[in-house]
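Report on the structure given below.
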Amino acid sequence: MITIKDITILTGIVGKERISHEESELFCYSRDLGNSIPDELLKAYGMLGAEVVVLPKTTEEVSAILEYAYENDLPVTTRGGGSWALGGVLPMDGGIVIDMCRMNTIKTVNQNDGYVLVDAGISWKKLMDRLKNYGLTVGAHPSSAVSATIGGFIATGGGAGTGVPKYGVVGDQILSLKVVLSNGNVIQTDPWNSWLFAGSEGTLGLITEATVKVFPLQEEKHYLFYFDSIEQGTEALQQLSTLEPYHLSFLDRGFLCLLNQAGEHFLERELAVSVGITGTEEELKAKDEKIHQICAAGQSQPEWVARDEFENRFKIGLAFKCLGPSLFVQEIRVPLRFLKSVLEDIAKLLKGLTWGIESLGSDAGSIVLSVMILGDERRELEYLQTFSLSAAFGSLAKKYCGSVYGIGLHNAVNMRGIHNAGLDVMRDIRISLDKQNILNPGKTTHPRIPGFFVYMFMFMMKHAPFLVRFILDTMKYIPVRFLRFAFGIVGGNIK
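Position in the sequence shown counted from 1, then plus 76, gives you the numbering used here.
See below:
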């Protein structure tokens, strides 16, 4: 538990203008994009919530914060843009939340050698806008680039988004990282050991600076095709991926219908496939012919329409959240060759619900599906049944040689199924770098609740929501620290 002494010392590190323990701010820092998780369910996880928020400006300040936290066994949760929905930035054990948004400086732009050195808290959109002045751009960036930070995208794996099909995942773009370890020590990585921290979700160290590759801006051409058949659309997507496009995604019929209900103007077809290419004039011309051949079964839209859809990609993902008002998001990564079957299985799984799919281009012939399900948390029983689908998506992805995309809090129980014996190695690495388990506890390799209890609870949510409602109502009267003690006894990785 954070004390007055802790707040005083932390204030001495960052100054009184960059620290907060106001209740309203602590509430916001105890949520992420998936903020519609019922409070009782968070309590069932044993979440304490943020106790103090600090906003450092330098690596030295981050180092001092972590050194103090390490010496006093205080949990630390790092936060970038908070634009994911998997609970990865939720402060499960309370303690300190480090908001990286004040570390947003571009330190070096090297046009000759093709790299940029930046603070980890800068957003991808801000970096890309600045790089345009130099005739440069980044290789890959997330669909949430307006708010997502450099460090956050790296820490969550950066395996899908614009640029990934052409340049590879974000780990391929890293030349070096500056990382503060749990004890406050600062290290500088090279391109090879940088991979250790890519996808670690803030559990191995705190990224404060990143040196990443940049590339010359090239001519662009964008396309949008509507397909009346899922089979034709998925076949086109598989062939388009072999061209290594800069951008490749699709929206399904459900997503298109929801966008139109929210005031957009899309044609309501089975799939809307968006593809963008970059290169020289000759390269664009050669790929243009191939793209039209591949998408001959689709209805082509004017280029200005395709470009407009591409330029609005940062806004479109949550445009219909107002229809919910709650939004449940699950992401899975699957090979494109199985996409048709995956979409058919998702339709069966979500029958009777209001949902849509937006995809993100990935590498190695795969694609990431963001399945967005509308709900209303005020209708508690129905919402609990929707939330119970988390486990089903993990099983569905595994059925088709895929996996959940991102771990965080909610998918931590799937880690054994995803990595098998490799999970033991990952746990050993985590323990060696964070012996006291103060960095983002309860996430990735250390699930908060044993898998058996989670799957049993999910089963009950689906088939006996009234019983779950009774259990959650009962939990209102049980102190959260007692729940944490009980989970600790049964192996819930709680101190």
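The C-beta atom is built at its ideal place from N, Cα and C for all residues, glycine as well.
Given V489 as reference, the closest of L162, I230, E285, G233 once Cα atoms are compared: Indexing the sequence shown from 1 puts residue 489 at position 413. When each option's Cα is compared against that of V489, the closest is L162.
Sequence ranges, beta strand (DSSP E) only - wholly within the stretch 244 to 295, length at least 3: 250 to 256, 262 to 264, 282 to 292
DSSP-derived helix/strand/coil call for H97: The residue labelled residue 97 in the question sits at position 21 within the sequence shown. If DSSP states are grouped into helix, strand and coil, H97 belongs with coil.
Whole-Å CB distance - G478 paired with V240, under 8 Å assumed: Indexing the sequence shown from 1 puts residue 478 at position 402. Indexing the sequence shown from 1 puts residue 240 at position 164. Going by Cβ atoms, the distance from G478 to V240 rounds to 16 Å, so no, they are not a contact pair.
Cβ-based burial, Q369 [other Cβ within 10 Å; buried from 16]: On the sequence shown, position 293 is the one that residue 369 refers to. Exposed: under 16 other Cβ atoms inside 10 Å.
Test item: CB-CB of A126 and V165 under 7 Å: On the sequence shown, residue 126 is found 50 positions in, with the first residue counted as 1. On the sequence shown, residue 165 is found 89 positions in, with the first residue counted as 1. Cβ atoms of A126 and V165: not closer than 7 Å.
Every unbroken beta strand (DSSP E) within the stretch 440 to 474, with a cutoff of 3 residues, ordered by chain: 442 to 451
Rounded straight-line distance, which links the Cα of I367 to that of Y302: Within the sequence shown, numbered from 1, the residue matching residue 302 stands at position 226. Within the sequence shown, numbered from 1, the residue matching residue 367 stands at position 291. Looking at the two C-alpha atoms, the distance is approximately 13 Å.
Residues that DSSP places opposite I172 in a beta bridge: Taking the first residue of the sequence shown as position 1, residue 172 is located at position 96. Per DSSP, V128, V152.
Of the listed residues T521, G484, L515, L485, nearest to D500 (C-alpha basis): Reading the sequence shown from its first residue, position 424 is the one you call residue 500. With distances taken between Cα atoms, D500 lies closest to T521.
Alpha carbon of G91 to alpha carbon of K397, nearest angstrom: Position 15 of the sequence shown, counting from 1, holds the residue named residue 91. Position 321 of the sequence shown, counting from 1, holds the residue named residue 397. If you take the alpha carbons of G91 and K397, they lie about 37 Å apart.
4-residue-minimum alpha helix (DSSP H) runs that sit fully inside the stretch 363 to 434, ordered along the chain: 379 to 387, 389 to 392, 415 to 425
At least 3 beta-carbon pairs within less than 8 Å: the stretch 402 to 414 vs the stretch 190 to 208: no
M537 to G171 span [Cα, whole Å]: Residue mapping note: residue 537 aligns to position 461 of the sequence shown, counting from 1. Residue mapping note: residue 171 aligns to position 95 of the sequence shown, counting from 1. Distance between the alpha carbons of M537 and G171: 31 Å.
Euclidean distance between Cα positions of G330 and L485: For the purposes of this step, residue 330 is identified with residue 254 of the sequence shown, where counting begins at 1. For the purposes of this step, residue 485 is identified with residue 409 of the sequence shown, where counting begins at 1. Those two C-alpha atoms are separated by around 27 Å.
Sequence-distant residues of the same chain with beta carbon closer than 6 Å to G156, five excluded per side: Taking the first residue of the sequence shown as 1, we reach residue 156 at position 80. So the qualifying residues of the chain are M176, T225, G227, G228.
Backbone CA spacing between R281 and L515 [nearest angstrom]: Within the sequence shown, residue 281 is the residue found at index 205, counting from 1. Within the sequence shown, residue 515 is the residue found at index 439, counting from 1. Going by the sequence as given, residue 281 is Gly instead of Arg. Each residue's alpha carbon lies about 7 Å from the other.
Residue environment, L293, which counts as buried when at least 16 other CB atoms sit within 10 Å: Locating residue 293 in the sequence shown gives position 217, counting from the first residue. Exposed, by the Cβ-count rule.
Inter-residue Cα distance where the pair is I83 and I494: By one-based count along the sequence shown, residue 83 stands at place 7. By one-based count along the sequence shown, residue 494 stands at place 418. Their Cα atoms are separated by approximately 40 Å.
Reference L445; option with closest CA among F326, V192, S220, Y243: By 1-based counting over the sequence shown, the position of residue 445 is 369. Measuring from the Cα of L445, the nearest candidate turns out to be F326.
The stretch 302 to 313 / the stretch 333 to 349 touching (three or more Cβ pairs under 8 Å): yes
Three-state class that DSSP yields for V165 in the structure shown: Position 89 of the sequence shown holds residue 165. Coil at V165, not helix or strand.
Residues bridged to V192 (per DSSP): Walking along the sequence shown from the start, residue 192 turns up at place 116. According to DSSP, V192 bridges with V185, V288.
Of the residues Q187, R545, S139, F273, the one placed nearest G211, counting alpha carbons only: Taking the first residue of the sequence shown as 1, we reach residue 211 at position 135. Residue Q187 is the option with its Cα nearest to G211.
Opposing strand residues paired with H323 [DSSP bridges]: Within the sequence shown, residue 323 is the residue found at index 247, counting from 1. For H323, which the question treats as bridged, DSSP gives the partners G352.
Extent of the continuous beta strand (DSSP E) run through V214: In the sequence shown, the residue the question calls residue 214 occupies position 138. It spans 212 to 214 - the beta strand (DSSP E) in which V214 sits, taken as one unbroken run.
Exposure of M77, with buried meaning 16 or more beta-carbon neighbours within 10 Å: Counted from its first residue, the sequence shown places residue 77 at position 1. So M77 counts as exposed.
Nearest-angstrom Cα separation, counted from L394 out to W431: Locating residue 431 in the sequence shown gives position 355, where the first residue counts as 1. Locating residue 394 in the sequence shown gives position 318, where the first residue counts as 1. Using only the alpha carbons, I get a separation of about 12 Å.
Whole-number beta carbon distance between L403 and M448, since they are thought to touch under 8 Å: By one-based count along the sequence shown, residue 448 stands at place 372. By one-based count along the sequence shown, residue 403 stands at place 327. The pair is a contact, with the Cβ atoms about 6 Å apart (cut-off 8 Å).
Buried/exposed call for M532, threshold 16 Cβ in 10 Å: On the sequence shown, residue 532 is found 456 positions in, with the first residue counted as 1. Per the 10 Å Cβ criterion, exposed.
Rounded separation between G234 and Y243 - CA only: Indexing the sequence shown from 1 puts residue 234 at position 158. Indexing the sequence shown from 1 puts residue 243 at position 167. C-alpha separation (whole angstroms): 12 Å.
Where F558 falls: helix, strand or coil (DSSP): Residue numbering aside, residue 558 sits at position 482 when the sequence shown is read from its first letter. Helix.
Nearest residue (CA-CA) to P378, options K297, N336, A540, T318: Taking the first residue of the sequence shown as position 1, residue 378 is located at position 302. For the residues K297, N336, A540, T318, the minimum Cα distance to P378 belongs to K297.
Start-to-end residues for the alpha helix (DSSP H) that takes in A145: The count along the sequence shown starts at 1 and reaches residue 145 at position 69. That run of the alpha helix (DSSP H) goes 135 to 147.
Alpha-carbon to alpha-carbon, H539 and K289: Indexing the sequence shown from 1 puts residue 289 at position 213. Indexing the sequence shown from 1 puts residue 539 at position 463. Looking at the two C-alpha atoms, the distance is approximately 50 Å.
Residue from L272, F469, V381 whose Cα sits closest to the Cα of V405: Locating residue 405 in the sequence shown gives position 329, where the first residue counts as 1. Considering only alpha carbons, the answer is F469.
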